[in-house]
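Here is the structure we will look at.
Numbering (our numbering), first residue to last: 2 to 478.
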């Protein structure tokens, strides 16, 4: 009985030691760990690396979104119900993606990260190609679940590498730029539906995307590992040279213990994560957008895929750049956390996000609302993913990103997609003329819970962060 207690104490001590180290590019002043937001120096090769990771993230979201984008083709072809389609795009994918993400995030904190990304890319690309051969619900469900395993590697590992290459003053921009893969990927999948779908069919599109991903996986094998930075400890000279040899990677037990300590003692981290989860309720239900456009707004399926594809790309890219750079500016200018920046964006855009679901599609307000929806989604990524990494020590950055993604997907998207499909079928059975519309309005309203959560997270950011590292230093002593 003595050995397990000893191990738990060792893990707790290691967690405290990890937390007592300042976050990236920090210095200490009278025992306080301060982020250096004046350092914006980034070598050109790091920007090139960011662009390549963004390309891989584009492939990540093209492959992930392809099923939802082809909804108007696949649902009738395979004879799927709304509930079955919700399971395929939601629960079946998300459970595996989210559950494996925590393990993969911890693994990324311990192994060669480029090779891990290459393995994940090869796995999900091969299974994307296999999905093109599906003949029914279950033959599509099996590869869909395993695609989630491969894709769970991409973002936690990539965000960890970017945090080692970009200083805090540019981390929001880097996160936002990387997450341009979302609007570009979603938009590209819709454009594939609109242009290639009628020409070569949905099955050949899956085969083509899988082959492209396998080629990129080979290239990723030749990328060198990103050196993990030396970080100052409270009381230590931040300008001191880095140690000659890198510290050994923390063990899985230490990683989880450190993360648990951070979550218990940093409410700003919990509020930021909760705000992201709330926002993802409508993002999950939006998997039915293409069906809504066609069945209740009267668009032709290829036409609306083309139109929304271009809007998703343009609005999403603008949102990612605005959210990433704007969040960095907000943090430097106001001293409040980046989630407060998201609070104001969501508060201002909330009325339009609800109203456009109810107006005539021939009006300008309808298309402004579609644009705003993609723009707001783009604004989300840079501020929140940089914030959660700044509220934990560098040794567990990939792990906290993985846990964040797990909650966003399993709770946010999983609830939105699965419950959304069930709600649509229930509204239809109850005789509602527009079941898609009312489902999307309800889930939009629920997602507005993110507004107060981001407000609290932004207000508490600096105070909670200083308190967290002070507590960790006290535990260590």
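All C-beta atoms, glycine included, are put in the ideal place defined by N, C-alpha and C. Please read these numbers as outputs of a predicted model, since none were measured by experiment.
Residue state for residue 184 is assigned as helix, using DSSP reduced to three classes. The C-beta distance from residue 176 to residue 163 rounds to 7 Å, short enough to meet the 8 Å contact threshold. The beta carbon of residue 317 sits closer than 8 Å to those of 181, 183, 184, 185, 187, 188, 375, 376, 378 and 379, all from its chain and outside the five residues before and after it, given in chain order. Annotation for residue 357: no alpha helix (DSSP H) segment contains it, and DSSP assigns it neither H nor E.
Only residues of its own chain outside the window of five on either side were considered, and among them 121, 124 and 125 have a CB closer than 6 Å to the CB of residue 151, listed in chain order. When the beta-carbon positions are compared, residue 273 and residue 458 come within less than 7 Å of each other.
About 4 Å separates the CB atoms of residue 328 and residue 384; that is less than 8 Å, so the two are in contact. Looking only at 224, 275 and 219, the smallest Cα-Cα distance to residue 456 is reached by 275. For residue 45, the enclosing alpha helix (DSSP H) has its first and last residue at 45–70. Straight-line spacing of the CA atoms in residue 296 and residue 449 works out to 26 Å. Under the three-state reduction of DSSP, residue 153 is assigned to coil, being neither helix nor strand.
The continuous alpha helix (DSSP H) containing residue 100 extends over residues 93–109. Taking all protein chains in view, the Cβ of residue 406 is crowded by 16 or more other Cβ atoms within 10 Å, so the residue is classified as buried.
Taking 7 Å as the cut-off, the beta carbon of residue 310 is found no closer than this to the beta carbon of residue 197. Going by DSSP, residue 199 is part of the alpha helix (DSSP H) stretching over 198–221. For residue 307, the secondary structure class from DSSP, reduced to helix, strand or coil, is helix. CA-to-CA, the gap between residue 256 and residue 169 works out to about 22 Å. Counted as a single uninterrupted DSSP element, the alpha helix (DSSP H) harbouring residue 400 occupies residues 398–407. Between residue 302 and residue 73, the C-beta gap is smaller than 7 Å, which places the two residues in contact.
The segment 87–99 makes contact with the segment 399–413: 3 or more CB pairs, one atom from each, lie closer than 8 Å. Here residue 279 is not near residue 424, since their CB atoms are 7 Å or more apart. Residue state for residue 296 is assigned as helix, using DSSP reduced to three classes. In the pairwise beta carbon analysis, the segment 209–220 is classified as touching the segment 55–71: at least three pairs are separated by under 8 Å.
In the structure shown, residue 314 falls within a helical segment according to DSSP collapsed to helix, strand and coil. Burial state of residue 331 is buried, judged by a 10 Å Cβ sphere holding 16 or more other Cβ atoms. If you compare the alpha carbons of 75, 227, 161 and 173 with that of residue 46, the shortest gap goes to 227. In the three-state DSSP reduction, residue 437 falls in the helix class (H, G or I).
Excluding residues up to 5 positions away in sequence, 90 and 288 lie with their Cβ nearer than 6 Å to the Cβ of residue 69 in the same chain. One thing to note: residue 286 has its Cβ within 7 Å of the Cβ of residue 417. Our two residues, residue 362 and residue 356, have alpha carbons roughly 12 Å apart in a direct line. Nearest C-alpha to residue 61 among 133, 148 and 87: 148. Between the beta-carbon of residue 333 and that of residue 388 there is about 14 Å, and that puts the pair past the 8 Å contact cut. For residue 167, the secondary structure class from DSSP, reduced to helix, strand or coil, is coil. Around the beta-carbon of residue 52, fewer than 16 other beta-carbon atoms lie within 10 Å, marking it exposed. Contact between residue 263 and residue 469 holds, since their C-beta atoms are separated by about 6 Å, short of 8 Å.
Taken through DSSP and simplified to helix, strand or coil, residue 337 comes out as coil.
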